[in-house]
Amino acid sequence: MFQKKVKNGVPLYEVFCEFPSVSACITTREGGVSEGEFATLNFRMHCADTEENKKENVRRICMAFGTEPEKIVTTTQEHTTEVKRVGKADGGIGFVRPRFQEGVDGLVTNDAGVTLFTFFADCVPVLLFDPVKKAAGAVHSGWRGTVGKISAVAVHKMAAEFGSDPRDIHAVIGPHIGECCFQVDRPVYDEFLSAFPSLGGCLREEKDGKYYIDLSRAITKTLRAAGVEHIENMEMCTVCRSDEFFSHRKTGGKRGCFAALIRIRDKEETEVAE
Ligand SMILES: [Zn+2]
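My numbering runs 679 ahead of the 1-based position in the sequence shown.
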């Protein structure tokens, strides 16, 4: 279940609202201080936006999400299928400490109070939560990560590291480039064909030689094959809704990033008021 809220002046979509033991959200473009193509709540790290703006945006999301930069761990976003287990000792990596040296596109943890932080502008955010083992995961699944089934890698990692039963894991597929807008060339189409031989509607071929891919259906198939039964798709296309979310395709790459965050709550944690 997800719900749009405004917390400390930052509009965001809270996800997993039905579970008191987790905090998770997807940010939008609103509520930050960046300007121009980065307006306003930009979390794209390596870009022409000013350090001051980026720092202030991080401060704002921390206030809204009830955390601090020292307790956040970020991915490096390199379209790998690498999922890393992190914990309290990794706090600050990406924002106040150097980012991971190796490519990391997924994070899992069972340490309460640690926020997993991932970045997007058309790629697919996948958030995972196991209410039984109190474990969480955050995945950046672009088309390469989707072909590589990084969501399944994260589920297997949660099972191996925390003893999660995939049937207990709840997944949210966040805003991303929808089938309506994700037109691809033949080579990309072919990669999807070989990764998902039983297409099940993940792909659409148009008579003029154009191909469309439904990333959320591909990811849903991947999660189901990994044993995940509870899957919620937010069904928001970042291109169609580029006023609300950053979109790479819509802007030809002149854009910032929004974020997907998740944290297992500490027992003494109090809710950030609306
Ligand atoms: Zn669209």
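C-beta: ideal position from N, C-alpha, C; glycine also.
In this structure T917 is in contact with H855, their Cβ atoms being roughly 6 Å apart against a cut-off of 8 Å.
Comparing alpha carbon positions, the residue from R823, K828, T794 closest to G816 is T794. The continuous stretches of beta strand (DSSP E) do not include E908, and DSSP gives it neither H nor E. Residues of the same chain with a CB within less than 6 Å of the CB of V689, apart from the 5 flanking positions on each side, are G710, R739, A743 in chain order. Not one heavy atom of ligand 1 is found less than 7 Å from the C-beta of G773.
The beta carbons of V834 and P845 sit closer together than 8 Å. In this structure, the beta-carbon distance from P810 to S700 falls below 8 Å. Under the criterion of beta carbons closer than 8 Å, G824 and T760 qualify as touching, at roughly 6 Å. By the Cβ criterion, the region 890-900 is not in contact with the region 918-927, since fewer than three pairs of Cβ atoms, one from each stretch, lie closer than 8 Å. Its Cα nearest to that of S877, the residue K900 stands out among K900, R764, C726, N912. Spanning the alpha carbons of V832 and C704 requires a straight line of approximately 22 Å. Between L806 and A939, the C-beta gap is smaller than 8 Å, which places the two residues in contact.
DSSP places R776 in the strand class (E or B) of the three-state scheme.
If you draw a 10 Å sphere on the C-beta of G773, you find 16 or more other C-beta atoms in it, and that means buried.
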